[in-house]
Amino acid sequence: MVLTAQYYIGTAEKDSPGRKGERMDVVVREVESRRDVRRWIGFPYSLYDRGQYPQWVPPLRISTRDAIDRKRNPFYEQADRALFLAERAGRVVGRIAAIENRAHTRFHDDRVGFFGFFECVDDQDTARALFAAAAAWLASRGLTSMRGPMNPSTNYECGLLVDGFEERPTFMTSWNPPYYDALCTNAGLAQSKDLLAFWFSYKLHEYRMPGFIFRLAERAVNKGRVVFRNMDPSRSDAEAEACWEIYNSAWEANWGFIPLSRGEFLHMAREMKQLADQRFAYMAEVDGKPAGFMLALPDYNDILQHNRSGRLLPFGAIRLWLGKGRPMRLRVMALGVKPEYRSRSILALFTQEIYLRGQRAGGSGAEASWLLEDNVKIVKPMRDMGARESKRWRVYEAAVAAIGGPLPLERPSS
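Note that our numbering has the sequence shown beginning at 50, numbered continuously upward.
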């Protein structure tokens with residue numbers, strides 16, 4: 050598929066009185082060849098100049114490759130995707146993915162498709178052409194709405210940052226320049242849902258957890274039914290099976306939830322096993338039965354921010370190995386409790402546990418992300434305990450017809 054949009058490049062001549070900029074083409078095309086996929090993956094590393102965007106942390110290229118790998122990632126057993134590059138005079142100026150998620154379609158019984166992995170120079174015509182290409186591909190699959198960004202679904206990274214630009218992102222969360230919001234809204238996309246991050250410090254001069262949290266937690270302990278235990282790495286698959294059951298039960302009622310297949314969850318768990326610190330991966334059992342789990346990862350972005358190439362070998366792996374286990378801030382990635390076991394006391398017990406464990410480990414604090422803005426049962430306790438809302442991401446949506454509508458498609462050259 051090839052789309053062309055006309056726009057003016059910014060030049061010195063353009064800004065001179067009586068002079069016009071040179072008219073150029075933005076060409077958006079679907080890509081599949083190894084060379085083009087490498088360029089697609091590599092584009093952000095040229096876009097985010099360290100001097101201009103010091104907060105951006107280069108993700109590992111191998112992680113992006115896994116997220117789009119239709120052969121090896123079980124996500125694509127129930128999904129498909131197309132990758133698009135925007136080029137100007139042979140130079141990459143943007144990228145996007147269009148994603149059909151059949152698991153979402155079955156669960157929600159709607160015709161929503163998705164875009165993801167959006168990166169773009171600060172140019173509206175380039176962004177509009179990328180969104181139009183993704184919308185056209187989704188329309189060809191019979192999908193009527195486009196939502197995103199999803200990288201590639203709500204079970205992974207999602208949303209564009211709209212508040213909190215001054216802070217470095219935590220591990221496996223996105224950071225983008227402020228102009229991205231305008232690129233989306235000016236292309237016809239509107240807010241669908243906001244996602245929040247909350248920060249609480251382990252430093253006593255900055256933050257003290259309110260006493261009511263400890264009292265609620267003590268109440269849960271005194272009842273004698275709730276027991277915390279660290280997950281057993283020697284039984285990693287069995288532990289993952291228990292977490293999979295909890296995950297699909299605990300998150301089922303959430304906006305945008307998509308059930309994870311057993312294969313997809315185990316694939317994710319095996320990836321996480323390499324990064325997990327056993328002090329911050331634990332299960333809650335009630336009367337001996339798995340009731341909830343929490344996973345917090347060390348913020349490896351503290352290390353990866355110095356790995357500007359995004360390549361794991363040779364220096365990325367060495368940096369991660371040397372940094373593993375040292376005190377650093379945490380990111381609470383998942384906290385789920387089965388509906389039948391939910392109470393204020395068990396939530397307080399989880400909160401107390403991560404707070405005390407983090408303090409003992411010598412970390413600076415923890416970020417809980419991401420949380421749905423309207424999930425009152427989680428967001429209100431966060432505010433009540435004095436956690437600071439530190440970041441906000443936005444998911445956008447529009448009718449496919451409003452973005453670009455059906456367009457003729459051509460298969461990419463390989």
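Here a beta-carbon is modelled for each residue, glycine too, at the ideal position from N, C-alpha and C.
Just so it is clear, the structure is predicted and the values come from calculations on it, not from any experiment.
In the DSSP assignment, what residue or residues form a beta bridge with residue i?
i	result
A345	V381
D85	For D85, which the question treats as bridged, DSSP gives no partner whatsoever.
I90	I90 is not bridged to any residue.
I148	R130, F163
N279	Y331
F263	According to DSSP, which records beta bridges pairwise, F263 is partnered with nothing at all.
W442	L210, L244
E301	Bridge partners of E301: none, in fact.
E422	Note: E422 sits in no beta bridge, so no partner.
E136	V76, V141
P218	Partner(s): none; P218 has no beta bridge.
R437	W248
A447	M195
V386	G341
C169	G143
N200	E206
A415	F249, L379
A239	E446
Going by other Cβ atoms of all chains shown within 10 Å of its Cβ, with 16 needed for buried, is residue i buried or exposed?
i	result
W248	buried
T60	Interpretation of T60 is limited by its pLDDT of 27, a score under 50 that renders its predicted location unreliable; the figure taken from the coordinates is listed afterwards. Exposed, since its Cβ has fewer than 16 Cβ neighbours within 10 Å.
K429	exposed
E81	exposed
Q401	buried
F261	exposed
W105	buried
W304	exposed
Q323	exposed
S283	exposed
D351	buried
A116	buried
D98	exposed
E206	buried
D64	Annotation note: pLDDT 33 at D64 (below 50); position unreliable, coordinate value reported separately. Under this definition D64 is an exposed residue.
P347	buried
A448	exposed
T154	buried
P201	buried
G411	exposed
Whole angstroms is fine: what's the gap from residue i's alpha carbon to residue j's?
i	j	result
T222	V386	23 Å
F306	I452	24 Å
Y296	A333	13 Å
R406	R160	44 Å
R88	D171	19 Å
S285	D326	13 Å
I403	Q101	35 Å
R137	V76	6 Å
F445	G162	The identity of residue 445 in the sequence shown is Tyr, whereas the question assumes Phe. Each residue's alpha carbon lies about 12 Å from the other.
N204	L309	8 Å
M73	S358	30 Å
A246	V86	32 Å
M382	D118	23 Å
A287	A345	19 Å
R278	A291	13 Å
D108	F133	It is Pro, not Asp, that sits at residue 108 in the sequence shown. Straight-line Cα distance between these residues: approximately 20 Å.
Y94	E216	19 Å
G70	A176	For G70, the predicted model reports a pLDDT of 47, less than 50, meaning its position is unreliable and no value from the coordinates is stated.
C169	E294	38 Å
L244	G139	36 Å
L384	A236	35 Å
Q354	N271	44 Å
I90	A131	13 Å
L398	L187	44 Å
F329	M343	7 Å
L456	F156	With a pLDDT of 42 at L456, under the threshold of 50, the modelled position of this residue cannot be trusted, and the question is left open.
R121	A269	43 Å
A450	L96	30 Å
A128	M377	36 Å
Using 8 Å for Cβ pairs, my map puts residue i next to residue j. What's the rounded Cβ distance?
i	j	result
E422	P123	About 30 Å separates the two Cβ atoms, so there is no contact after all.
V141	F92	5 Å
V335	R274	5 Å
M195	A183	7 Å
P198	G208	7 Å
Q408	Y251	5 Å
R380	E416	5 Å
P218	M434	So it is not a contact: roughly 23 Å between Cβ atoms.
I395	G341	7 Å
Q240	R393	Not confirmed; about 31 Å, so no contact.
Is residue i close to the ligand GTP? I mean its beta-carbon at under 7 Å from any heavy atom of the ligand.
i	result
W89	Because no ligand of any kind appears in the structure shown, any question about the ligand GTP cannot be addressed here.
Note to self: Three or more C-beta pairs under 8 Å: does that hold for the segment 131 to 151 against the segment 222 to 231?
What the structure shows: At 8 Å Cβ cutoff, the stretches do not touch.
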